[in-house]
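**Q**
Protein chains: 2
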Amino acid sequence: MSAGSSSISDKGDLTDWLILRFKQLISEGTLTPGYKLPSERELSLHFGVSRTSLRPVMKVLRMMGVISQRVGDGTYLSGDASSVLAEPMEFLFLLDETSSEELIDTRLMVEPALAAKAAEQSTKEHLLVLRQTIAEIEAAGSDQFRIIEADLLFHQTILQSSGNRLCGRLFQVIHRSLMNMMMLTAQLVNRDHTLAFHQAIFESIRQRNASEAERNMRDHLIDARALLLRARQAEADERLRRSIRGAPRAVETAKPAAKAIRSRAARKR
Amino acid sequence: MSAGSSSISDKGDLTDWLILRFKQLISEGTLTPGYKLPSERELSLHFGVSRTSLRPVMKVLRMMGVISQRVGDGTYLSGDASSVLAEPMEFLFLLDETSSEELIDTRLMVEPALAAKAAEQSTKEHLLVLRQTIAEIEAAGSDQFRIIEADLLFHQTILQSSGNRLCGRLFQVIHRSLMNMMMLTAQLVNRDHTLAFHQAIFESIRQRNASEAERNMRDHLIDARALLLRARQAEADERLRRSIRGAPRAVETAKPAAKAIRSRAARKR
DNA sequence: TCGGGACGAATGGTAGTACCATTGGTGTGC
DNA sequence: GCACACCAATGGTACTACCATTCGTCCCGA
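Protein sequence lines correspond, in order, to chains A and B.
If you count the first sequence from 1, position 158 lands on 837 in our numbering, and the numbers rise without skipping.
If you count the second sequence from 1, position 146 lands on 825 in our numbering, and the numbers rise without skipping.
Listed below in structure tokens is the structure:
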């Protein structure tokens, strides 16, 4: 980014250089999905660096889901590119204090249009999967995990069948993060609503009715948004009622460590 | 993801645990932008792990732009959340072999709608920045870097003023990656086109004409897409012509290393 | 001949130490 | 008062050692 960067071994950090090398290897197609990489000791030898310097790179790649490591076995290149954004996106949400409404709002901007596209070009296989996810939700009863997984697969399939891979990746991650947030606050997915909307969306896609698919998807997300806000309101009310009764909130476990760090650093300054 | 995961120190990997801790610290607001963290030696002491185990975590955070490290100085929490997705997104594009058209297509799906929103709610400050970027492009002459930076700032400002932060972040990264791809293939940004479209978009936003802003943005991106494809076509033609003349392509430097790795691993199996 | 269990090599995970280059502040000498 | 030299602290890298886990192999017994 800064200077010429053409010559070998100019960037100061070995980590950056190694990551660059890995990128090259991936872009060349040398590293294919499922491919077993040499051991860390061999790799470090090959690159001419110590294992100490190599390991952080492997950690970075692992955290992005590019590779998977297993003790006693080895390192494999994972073919699933969708997981690359999962962790970083979580950090983004953390740093930006992104709310779940914002996630739904963002989905609302894109998914209806993608549903319309899906109605135009979805294949038989896609329709089959959609039908299966609906059946899965019907069979799930009150099992939230099953409902959520089926819900994710439903939307993910629509995203995929829309043809735009990048959007598919992006909003798959966003959707899952949204579900994680909801689970953290013990917010339930309304099975009946989900089922009804999914059926409507599925029908319009099956009939290749793009505009109706778009409208149904929009309605679905708007409804989900409303449910989310209502649940949050109810939760806030509950908390208020409880605090009025006098019972203080439960302790937070991680606070002490955080304060210790802050004091340490403050001492430095 | 697997089991209960409620108790302390259950997850096998220290790296994961430490990253989790850092996430907690960030979400608690203990770590604020610009904040100087304790030295690695102190931190490792504090967390009760060795520096060997801590360093990969710092590398991960650094690569996502969450922190910045300087030898002889220390580690600082960077407040800029937008850079979190930069590297991971590049890996995604690498693994998915995402093309520049796909990037523009994705922008095309979202940015027009955001431009419409921007027309409705942009502030005076936003308008000022937009006007400045246009002036910058006018003053840039044929300096591609200045044009690109001004172009980025123009679109970024519109994304920001639309109100949806997440979309802003996402498409800021996508836009920059697109520019990187174009620079890698030595594709120029057409200054005249850019200038004309930016002026049109700016005018419609200034006049709070949402539908026209949306249309202008759409035209802008469609035009950019066409230019991109045309340039690629020209490049392919040129390459073909050159190969017919008999001159072989230049050597690729990184191939030998790649092959060495592959042979090493193959030997293992 | 087949099956199971024990052993061992290889792998990633962690720890400790040492040294280097860079940085920023401190203090000394002009 | 200023400039220079010095020094302590920091992140960067390397080497070594050891641990827990995994997988394959070999040997023993049925």
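Positions of the beta carbon are idealized from the N, C-alpha and C atoms, including for glycine.
For the beta strand (DSSP E) containing A:Leu756, name the first residue and the last one.
**A** Taking the first residue of the first sequence as position 1, residue 756 of chain A is located at position 77. Start and end: Gly753 to Leu756.
**Q** Leaving aside the five residues before and after B:His805 along the sequence, list all residues of the same chain whose C-beta is less than 6 Å from its C-beta, in chain order.
**A** Position 126 of the second sequence holds residue 805 of chain B. Here the set comprises Thr836 and Ser840.
**Q** From the beta carbon of B:Met896, is the nearest beta carbon of chain A less than 8 Å away?
**A** If you number the second sequence from 1, residue 896 of chain B lands on position 217. False, the Cβ-Cβ gap to chain A never drops below 8 Å.
**Q** With respect to the beta strand (DSSP E) encompassing A:Ser747, which residues constitute its N-terminal and C-terminal limits?
**A** As a first step, residue 747 of chain A is located in the first sequence; it is residue number 68 there, counting from the start. It spans Ile746 to Arg749 - the beta strand (DSSP E) in which A:Ser747 sits, taken as one unbroken run.
**Q** Can you pull the chain A neighbours of B:Arg825, defined as C-beta to C-beta under 7 Å?
**A** Taking the second sequence and counting its residues from 1, the one referred to as residue 825 of chain B is at position 146. The contacting residues do not exist; B:Arg825 stays about 15 Å from chain A at best.
**Q** Confirm the yes/no value for this check: CB of A:Leu867, any heavy atom of the ligand FMN, distance under 7 Å.
**A** Only the bare structure without any ligand can be found here, which leaves the ligand FMN out of the picture.
**Q** Which partner residues does A:Leu787 have in the DSSP bridge list?
**A** If you number the first sequence from 1, residue 787 of chain A lands on position 108. Looking at the DSSP output, A:Leu787 shares a beta bridge with no other residue.
**Q** Does the beta carbon of A:Asp672 come closer than 8 Å to any beta carbon on chain B?
**A** There is no way to answer for residue 672 of chain A, as the model of chain A reaches only from 680 to 948.
**Q** Using only CA atoms, which one of A:Leu722, A:Ile884 and A:Ala905 lies nearest to A:Phe833?
**A** Here residue 833 of chain A is taken as the residue at index 154 of the first sequence, counted from 1. Considering only alpha carbons, the answer is A:Ile884.
**Q** Would you check if there are 3 or more beta carbon pairs closer than 8 Å linking the segment 810-830 of chain A to the segment 779-799 of chain A?
**A** no
**Q** So, at 7 Å on beta carbons, what are the nonlocal neighbours of B:Asp695 in its own chain, with the 5 sequence-adjacent residues on each side left out?
**A** Residue mapping note: residue 695 of chain B aligns to position 16 of the second sequence, counting from 1. Here the set comprises nothing.
**Q** Does B:Leu908 come within less than 8 Å of chain A when only Cβ atoms are used?
**A** Working through the second sequence from its first residue, we reach residue 908 of chain B at position 229. No, B:Leu908 does not count as interfacial toward chain A.
**Q** Since A:Lys651 sits in a beta bridge, which residues does DSSP pair it with?
**A** Here chain A has residues from 680 to 948 only, and residue 651 of chain A is not among them.
**Q** Tell me the rounded alpha-carbon separation between A:Ile853 and A:Thr864.
**A** In the first sequence, counting from the first residue as 1, residue 853 of chain A sits at position 174. In the first sequence, counting from the first residue as 1, residue 864 of chain A sits at position 185. A:Ile853 and A:Thr864: Cα-Cα distance of roughly 17 Å.
**Q** Could you list which residues in chain B have their beta carbon closer than 9 Å to that of A:Ser821, in chain order?
**A** Reading the first sequence from its first residue, position 142 is the one you call residue 821 of chain A. At a C-beta separation below 9 Å, A:Ser821 has no neighbours in chain B, since its nearest C-beta there lies roughly 20 Å away.
**Q** Whole angstroms is fine: what's the gap from B:Leu857's alpha carbon to B:Leu782's?
**A** Walking along the second sequence from the start, residue 857 of chain B turns up at place 178. Walking along the second sequence from the start, residue 782 of chain B turns up at place 103. If you take the alpha carbons of B:Leu857 and B:Leu782, they lie about 7 Å apart.
**Q** Distance cutoff 8 Å, beta carbons only. Does A:Glu780 sit that close to anything in chain B?
**A** Reading the first sequence from its first residue, position 101 is the one you call residue 780 of chain A. No, its Cβ sits nowhere closer than 8 Å to a Cβ of chain B.
**Q** Tell me which residues share the same chain as A:Glu766 and place their Cβ nearer than 7 Å to its Cβ, disregarding the 5 neighbours each side in the sequence.
**A** As a first step, residue 766 of chain A is located in the first sequence; it is residue number 87 there, counting from the start. In its chain, beyond the 5 residues on either side, Met742 and Met743 have a beta carbon closer than 7 Å to the beta carbon of A:Glu766.
**Q** Please identify, using Cβ separations under 8 Å, the residues of the segment 840-855 of chain A that lie next to chain B, in order along the chain.
**A** Asn843, Arg844, Leu845, Cys846, Arg848, Leu849 and Ile853
**Q** What is the residue span of the alpha helix (DSSP H) that B:Leu906 lies within?
**A** Residue 906 of chain B sits at position 227 when you count from the first residue of the second sequence. Ala889 to Ile923 is the span of the alpha helix (DSSP H), which, as asked, contains B:Leu906.
**Q** Please list the terminal residues of the continuous alpha helix (DSSP H) segment that includes A:Ala760.
**A** As a working mapping, residue 760 of chain A is identified with position 81 in the first sequence. From DSSP, A:Ala760 is part of no alpha helix (DSSP H); its letter is neither H nor E.
**Q** With DSSP as the reference, label B:Asp692 as helix, strand or coil.
**A** By 1-based counting over the second sequence, the position of residue 692 of chain B is 13. The answer is coil: DSSP assigns B:Asp692 none of H, G, I, E or B.
**Q** When the distance is taken between beta carbons, is A:Leu874 closer than 8 Å to A:Glu817?
**A** Locating residue 817 of chain A in the first sequence gives position 138, where the first residue counts as 1. Locating residue 874 of chain A in the first sequence gives position 195, where the first residue counts as 1. Yes, these two residues count as a Cβ contact at 8 Å.
**Q** Taking beta-carbon pairs under 7 Å, can you tell me which members of the segment 734-758 of chain B lie near chain A?
**A** Arg734, Pro735, Lys738, Val739, Met742, Met743 and Val745
**Q** Might you give, ordered along the chain, the residues of its own chain that have their beta carbon closer than 8 Å to the beta carbon of B:Phe824, omitting 5 neighbours on each side?
**A** On the second sequence, residue 824 of chain B is found 145 positions in, with the first residue counted as 1. Here the set comprises nothing.
**Q** Please confirm if B:Val763 has its CB atom under 8 Å from at least one CB of chain A.
**A** By one-based count along the second sequence, residue 763 of chain B stands at place 84. Yes - at least one Cβ of chain A is within 8 Å of the one on B:Val763.
**Q** Ends of the alpha helix (DSSP H) at B:Ser732?
**A** Against the second sequence, residue 732 of chain B aligns to sequence position 53. From DSSP, the alpha helix (DSSP H) with B:Ser732 extends over Arg730 to Met742.
**Q** Indicate the three-state DSSP secondary structure (helix, strand or coil) for B:Arg848 in the structure shown.
**A** Start at 1 with the first residue of the second sequence, and residue 848 of chain B comes out as number 169. Of the three classes helix, strand and coil, the one that applies to B:Arg848 here is helix, per DSSP.
**Q** Check each candidate in A:Pro712, A:Met768, A:Ala760 and A:Ser761 and name the one with the smallest Cα separation from B:Ala760.
**A** As a working mapping, residue 760 of chain B is identified with position 81 in the second sequence. Selected option, being the one with the closest Cα: A:Met768.
**Q** Rounded to a whole number of angstroms, what is the C-alpha to C-alpha distance between B:Asp1005 and B:Glu882?
**A** Any property of residue 1005 of chain B remains undetermined from this structure, which presents chain B solely from 680 to 948.
**Q** Starting from the beta carbon of A:Ser706, find every residue of chain B whose beta carbon is closer than 7 Å, and list them in chain order.
**A** Here residue 706 of chain A refers to the residue found at position 27 when the first sequence is read from its first residue. In chain order: Leu773.
**Q** Which residues of chain B have a Cβ atom closer than 7 Å to the Cβ of A:Thr694, listed in chain order?
**A** Translated into the one-based positions of the first sequence, residue 694 of chain A becomes position 15. Within chain B, the residues near A:Thr694 are Lys738.
**Q** Please say whether B:Leu774 and A:Val763 have beta carbons closer to each other than 8 Å?
**A** Residue 763 of chain A sits at position 84 when you count from the first residue of the first sequence. Residue 774 of chain B sits at position 95 when you count from the first residue of the second sequence. A contact, by the Cβ cut-off of 8 Å.
**Q** For A:Asn843, which option in B:Gly727, B:His725, B:Phe772 and B:Leu756 has the closest C-alpha, if you only look at C-alpha atoms?
**A** Taking the first sequence and counting its residues from 1, one reaches residue 843 of chain A at position 164. Looking at the Cα atoms, B:Phe772 is the closest of the given residues.
**Q** Using a Cβ-Cβ cut-off of less than 7 Å, give me the residues of the segment 785-797 of chain B that come near chain A, in sequence order.
**A** Thr785, Met788, Val789 and Ala792
**Q** Starting from the C-beta of B:Arg734, find all residues in its chain whose C-beta is less than 8 Å away, skip the five residues before and the five after it, and write them out in chain order.
**A** For the purposes of this step, residue 734 of chain B is taken as the residue at position 55 of the second sequence. Excluding residues within five positions, the ones whose Cβ falls inside 8 Å are Glu719.
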